[in-house]
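Heads up: the protein sequence lines correspond to chains A and B, in order.
Residue numbering for the first sequence is 1 to 109, as defined by our numbering.
Residue numbering for the second sequence is 1001 to 1114, as defined by our numbering.
Yeah, the Cβ is synthetic: ideal placement off N, Cα and C, and Gly gets one too.
None of the values given here were measured: they were computed from a predicted structure.
Everything below concerns the one structure shown next.
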Amino acid sequence: DAKTTQPTSMDCAEGRAANLPCNHSTISGNEYVYWYRQIHSQGPQYIIHGLKNNETNEMASLIITEDRKSSTLILPHATLRDTAVYYCIVRGNFNKFYFGSGTKLNVKP
Amino acid sequence: DTAVSQTPKYLVTQMGNDKSIKCEQNLGHDTMYWYKQDSKKFLKIMFSYNNKELIINETVPNRFSPKSPDKAHLNLHINSLELGDSAVYFCASSQARGLIQTQYFGPGTRLLVL
């Protein structure tokens, strides 16, 4: 049921930018893209969301392509504490969040 | 000042028992959810309540019965527990702001059925 596809895993050097891609080619015009992360087995943590403009907050930046079929989450200076599974989600009917398998980001010293 | 809290954090029980998991949110949200994360780490929605009314009920066995006494609480009661019910259960809440409805998750309840 997930409407998104993401790479299974990625590595990133500590202090460098981590760019996590997501494809959501079937997204409809008024659907937002949300990003969450899950550190170990903790509860998923909200990171950022966007519709069509690029967004930035204290945690990350979200770049959405003009056709809205893909997006990239950017962690500008990854730290070891950013090691987690990152989920890209497009909201379904009745606010259903379909979590796919996500991207396991490994931040290495 | 925890936003979404769950009790208990860990639950170990025998097959066939009945157990409940509680969830409370102090965010003033009007919608609450239960998710199940199995051993393969897939996170799937089970139920959603809006203002104490059920709005999402995925294909979940009827041994699972959610109860919402008020907007701030959504409890999950499980009858006749089975081995396959072993998982981490997450509660979440949200408040609609136009088309935006960000969900905030609790820390999870780790259920082990022996």
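Report the rounded CA-to-CA distance for residue i versus residue j, giving the unit in angstroms.
i: methionine 59 of chain A; j: isoleucine 74 of chain A; result: 9 Å
i: glutamate 55 of chain A; j: glycine 92 of chain A; result: 21 Å
i: threonine 1013 of chain B; j: asparagine 1057 of chain B; result: 25 Å
i: valine 107 of chain A; j: isoleucine 63 of chain A; result: 21 Å
i: threonine 72 of chain A; j: tyrosine 1104 of chain B; result: 22 Å
i: proline 21 of chain A; j: glycine 29 of chain A; result: 20 Å
i: tyrosine 36 of chain A; j: serine 70 of chain A; result: 16 Å
i: serine 1039 of chain B; j: lysine 1009 of chain B; result: 17 Å
i: glycine 100 of chain A; j: glutamine 1037 of chain B; result: 12 Å
i: phenylalanine 94 of chain A; j: tyrosine 87 of chain A; result: 19 Å
So, helix, strand or coil for residue i, using DSSP?
i: aspartate 995 of chain B; result: This structure does not reach residue 995 of chain B, given that chain B is present from 1001 up to 1114, and the question cannot be answered.
i: serine 81 of chain A; result: According to the sequence shown, residue 81 of chain A is arginine rather than serine. Correct three-state label for arginine 81 of chain A: helix.
i: phenylalanine 1090 of chain B; result: strand
i: asparagine 23 of chain A; result: strand
i: asparagine 1051 of chain B; result: coil
i: asparagine 53 of chain A; result: coil
Around the Cβ of residue i, are there at least 16 other Cβ atoms within 10 angstroms (buried) or fewer (exposed)?
i: leucine 1112 of chain B; result: exposed
i: threonine 26 of chain A; result: exposed
i: isoleucine 39 of chain A; result: exposed
For the putative contact between residue i and residue j, defined by C-beta atoms under 8 Å, what is the C-beta separation to the nearest angstrom?
i: lysine 104 of chain A; j: threonine 8 of chain A; result: 7 Å
Check whether the Cβ atoms of residue i and residue j sit closer than 7 Å, and answer yes or no.
i: asparagine 1079 of chain B; j: aspartate 1030 of chain B; result: no
i: histidine 24 of chain A; j: tyrosine 34 of chain A; result: no
Under 6 Å: does the beta carbon of residue i sit that close to some heavy atom of the ligand NAD?
i: histidine 24 of chain A; result: Among the components modelled here there is no ligand, and therefore nothing to report on the ligand NAD.
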